[in-house]
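I have placed the structure first, in the form of structure tokens, so that the comments after it can refer back to it.
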Amino acid sequence: MTSQPTSSSSAADSAVSPPPSPPVAPAARSSSPRRPTGSGASSPPRPSRRTNTPWVEQFGVTASYRALREAIRGYYRTWYPLRAEAAALLGLNPGAGRVSKLCAEPRVALAALEGLLAPYRSSGRLTLLTEHRPVAAETEGDTVRSVTLEDLHGGGRRTFSAPYVLDATETGELLELAGVEQALGAESRAEFGEPHAPERADPLNQQGITFCFALSHHEGEDHTIEKPADYDFWRGYTPDFWPGPLLGFLAPDPRSLEAVPRTFVPNPDTDPLAVSADQSADAGDKELFGFRRILARKLYRDGHFDSDITLVNWPLNDYWLKPLIGAGEQTAAEAVREAKQLSLSVLYWLQTEAPRPDGGTGFPGLRLRPDVMGTEDGLAKAPYVRESRRIKAVTTVTEHDVAVDLVGPTGGTRHRDSVGVGSYRIDLHPSTGGDNYIDIGSVPFEIPLGALIPRRTRNLLPAGKNIGTTHITNGCYRLHPVEWNIGEVAGALAAHCLDEGVEPHQVQAEDKRFEAFAALLDRAGVERHWPRVRGY
């Protein structure tokens, strides 16, 4: 039994009661001790000729995750009027965004996911309850006996019992409900000796959240939204560690912390087939419109789309004034409301005050796209949550296991019980404790099964970014391919334990039992070790 993410989106969120006063920015804590030194194409898809082919297209993800990526590309090839040369690319990037080799619309990703699940739903082996949240868990000793879910709309409740419970929530909500030993926020430097950890532990020091939204641009039209209630606050807000107002195109480079100007050029004339997305060579975030573009009009037949579509998940709309987790429901609700107001304020600023390349101000032709996000207010259905509650695990992954500065570009811990791999820089966004970016090199790493095993609880398994990492190493283990790998392994482990009559702790601790489980993962296409590659 897995739990669905709990956050939902609705324009009604801020209409339940009169809006509170604009948020008050806390004093920022100095971060200096922690600063890092369907197109009709007749030919089969062909590989891209670019030299910087990403690992994700070659190795380093599970077979099922690769199937998802190919299902997304297949949807575009089947149903969208792609140019023949675009459809023929094996590594088709429908949005030609520079943040990833696969940038796509939410509705297409959802269709691909539903397609992968369809046979199991049709056979009755899978029941999917959307827009529910866990509200209670019954435990007996070290075992979770049941979980109660609540319908977000009707309020009805249903209680489920199962031999195993998997927590796939964005914030690790079942860990709290079931009383599972957990970590939250930043550990102290003394706990694990991590160089980038703070001197003192702070559970409420969590990475900022972001309410993403989609935009298109229509020259000569005016789609300016109503001025957001908190706009004046956000327009005047300058964080202590920022080089200027938050609503501006000057922001820190996450890796160097130097002030770097960003540009914003809607609907560029460049050929999207010439765009290369390689995070190891270029973060790609200096031109914002193309950074997270999810639909590039020039990849499709002339005249079908009158604008590109881009996703706004930028330094400008990262929210870090209040923690989402651990400070109570009222604080969490305030954080969500204020984060939404920040994102809407970013849009209003872009439409009315942002400097244009021609010397003017404002892009009134920017159109908010509720149809793309599937919401009334045009914002994402839930905030992008970078940091969750984390289990106190049999194995805790620390900075000493993965940081390039500590282990070298080809080093890193090799785990006896590896159940997957991942690769990304240790990337922490500004936090509710007043920290600036912490962005440091990480080696291609392994996922130890011990990080999925709670120290005490016998039948609850983490299935996302709620595994045994730290505040620091969560920064590289929080990526979507890694979360997918973790969730897939958690499900496979529960099934294996039922089939074999054993418990997860036994599988992790006993070599022969682990070898049997590892063989199952190997057959399923779960890559558990890297070839010799370097970190970045």
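Residue numbers (the numbering used here): 12 to 547.
Yeah, the Cβ is synthetic: ideal placement off N, Cα and C, and Gly gets one too.
Given residue i, which residues of its chain have a CB within under 7 Å of its CB, disregarding the five upstream and five downstream residues?
{"i": "serine 318", "result": "Ser227, His228, His229, Asn278, Arg308"}
{"i": "glycine 498", "result": "Ala179, Ala474, Gly475"}
{"i": "alanine 288", "result": "Asn104, Gly108, Arg109, Val110, Ser111, Lys112, Gly295"}
{"i": "valine 396", "result": "Glu181, Thr182, Ile220, Leu335"}
{"i": "threonine 150", "result": "Arg156, Ala189, Gly190"}
{"i": "proline 214", "result": "Leu195, Gly196, Gly337"}
{"i": "glycine 370", "result": "none"}
{"i": "tryptophan 331", "result": "Gly219, Pro441, Ser442, Thr443"}
{"i": "leucine 322", "result": "Cys223, Ala225, Arg303, Ile305"}
{"i": "glutamate 68", "result": "Gly102, Lys112"}
{"i": "threonine 154", "result": "Arg469, Asn470"}
{"i": "proline 283", "result": "Ala107, Ala307, Lys309, Leu310"}
{"i": "proline 515", "result": "Ile464, Leu472, Leu504, Cys508"}
Please report the straight-line C-alpha distance between residue i and residue j, rounded to a whole angstrom.
{"i": "alanine 391", "j": "alanine 346", "result": "15 Å"}
{"i": "alanine 98", "j": "arginine 109", "result": "19 Å"}
{"i": "tryptophan 245", "j": "leucine 463", "result": "40 Å"}
{"i": "glycine 49", "j": "threonine 409", "result": "With a pLDDT of only 38 at glycine 49, under 50, the local geometry of the prediction cannot be trusted, and the value read off the model is given with reservation. Straight-line Cα distance between these residues: approximately 45 Å."}
{"i": "aspartate 293", "j": "aspartate 313", "result": "30 Å"}
{"i": "proline 366", "j": "phenylalanine 374", "result": "9 Å"}
{"i": "tryptophan 90", "j": "leucine 195", "result": "44 Å"}
{"i": "alanine 344", "j": "leucine 163", "result": "15 Å"}
{"i": "glycine 301", "j": "alanine 212", "result": "38 Å"}
{"i": "leucine 100", "j": "serine 356", "result": "38 Å"}
{"i": "arginine 400", "j": "leucine 186", "result": "7 Å"}
{"i": "leucine 496", "j": "lysine 238", "result": "The sequence given here has asparagine at residue 496, not leucine. Taking the straight line from one Cα to the other gives about 42 Å."}
{"i": "arginine 84", "j": "glycine 166", "result": "37 Å"}
{"i": "alanine 95", "j": "tyrosine 311", "result": "9 Å"}
{"i": "threonine 468", "j": "glutamate 202", "result": "22 Å"}
{"i": "leucine 439", "j": "arginine 266", "result": "10 Å"}
{"i": "proline 58", "j": "asparagine 447", "result": "Unreliable positioning characterises proline 58 in this predicted model, as indicated by a pLDDT of 39, which lies under 50. The coordinate reading is nonetheless provided below. Cα to Cα, proline 58 sits roughly 39 Å from asparagine 447."}
{"i": "alanine 350", "j": "aspartate 329", "result": "8 Å"}
{"i": "tyrosine 359", "j": "serine 199", "result": "39 Å"}
{"i": "glycine 339", "j": "threonine 480", "result": "23 Å"}
{"i": "alanine 120", "j": "glutamate 521", "result": "39 Å"}
{"i": "phenylalanine 260", "j": "glycine 445", "result": "21 Å"}
{"i": "proline 263", "j": "arginine 118", "result": "32 Å"}
{"i": "valine 271", "j": "tryptophan 66", "result": "28 Å"}
{"i": "alanine 147", "j": "glycine 502", "result": "22 Å"}
{"i": "alanine 74", "j": "tyrosine 131", "result": "18 Å"}
Please go through the same chain and pick out, in chain order, the residues whose beta-carbon is closer than 8 Å to the beta-carbon of residue i, but skip the five residues on each side of it.
{"i": "glycine 452", "result": "Ala414, Val415, Asp416, Pro420, Arg436, Ile437, Gly546, Tyr547"}
{"i": "proline 381", "result": "Glu387, Asp388, Gly389"}
{"i": "tyrosine 248", "result": "Ala36, Pro256, Leu257, Leu258"}
{"i": "glycine 423", "result": "Asp412, Val413, Val454, Pro455, Phe456, Glu457, Gly546"}
{"i": "glycine 376", "result": "His228, His229, Glu230, Gly231, Glu232, Asp233, His234, Pro277"}
{"i": "lysine 461", "result": "Per the sequence presented here, residue 461 reads as glycine, with lysine not at that position. Result list for glycine 461: Ala404, Val405, Thr406, His426, Asp428, Gly479, Gln519, in chain order."}
Taking residue i and residue j to be in contact with their CB atoms under 8 Å, please state how far apart those CB atoms are, rounded to whole angstroms.
{"i": "leucine 361", "j": "isoleucine 236", "result": "Actually they do not touch by this definition, with Cβ atoms about 10 Å apart."}
{"i": "glutamate 161", "j": "arginine 144", "result": "6 Å"}
{"i": "glutamine 519", "j": "aspartate 428", "result": "6 Å"}
{"i": "leucine 531", "j": "tyrosine 175", "result": "16 Å between Cβ atoms; not a contact."}
{"i": "threonine 443", "j": "glycine 183", "result": "Incorrect: roughly 17 Å between the Cβ atoms, too far for contact."}
{"i": "phenylalanine 222", "j": "proline 394", "result": "5 Å"}
{"i": "leucine 139", "j": "alanine 505", "result": "About 17 Å separates the two Cβ atoms, so there is no contact after all."}
{"i": "cysteine 487", "j": "glycine 431", "result": "Not a contact, Cβ separation roughly 13 Å."}
{"i": "leucine 128", "j": "alanine 82", "result": "The pair is not a contact, with the Cβ atoms about 11 Å apart (cut-off 8 Å)."}
{"i": "glutamate 192", "j": "arginine 466", "result": "6 Å"}
{"i": "glycine 71", "j": "glutamate 538", "result": "6 Å"}
{"i": "tyrosine 86", "j": "alanine 123", "result": "6 Å"}
{"i": "isoleucine 320", "j": "valine 383", "result": "6 Å"}
Would you list the one or two residues that DSSP bridges to residue i?
{"i": "tyrosine 395", "result": "Thr221"}
{"i": "glutamate 298", "result": "Thr274"}
{"i": "threonine 154", "result": "Glu151"}
{"i": "histidine 143", "result": "Asp162"}
{"i": "valine 408", "result": "Thr480"}
{"i": "tyrosine 311", "result": "Leu93"}
{"i": "aspartate 241", "result": "The partner list for aspartate 241 (beta bridge, DSSP) is empty, contrary to what the question assumes."}
{"i": "serine 227", "result": "Arg378"}
{"i": "aspartate 280", "result": "DSSP output for aspartate 280 lists no bridge partner at all."}
Between which residues of its own chain and residue i is the CB-CB distance below 6 Å, once the five residues before and five after are set aside?
{"i": "leucine 3", "result": "No answer is possible for residue 3: the residues shown for the chain start at 12 and end at 547."}
{"i": "histidine 426", "result": "Glu457, Pro459"}
{"i": "phenylalanine 528", "result": "His507, Val518"}
{"i": "glutamate 494", "result": "Gly475, Lys476"}
{"i": "valine 544", "result": "Pro455"}
{"i": "serine 32", "result": "In this predicted model, serine 32 has a pLDDT of only 40, less than 50, meaning its place in the structure is not dependable; the value taken from the coordinates is given anyway. Closer than 6 Å at Cβ, skipping near neighbours: no residue."}
{"i": "tryptophan 541", "result": "Val432, Pro455"}
Handout entry: Sufficient close CB pairs (3 or more, under 8 Å) joining the segment 476 to 484 to the segment 503 to 519
Key = no
Problem - Cβ pair count under 8 Å reaching 3, the segment 194 to 211 against the segment 395 to 411 - result: The segment 194 to 211 makes contact with the segment 395 to 411; the number of CB pairs closer than 8 Å reaches 3 or more.
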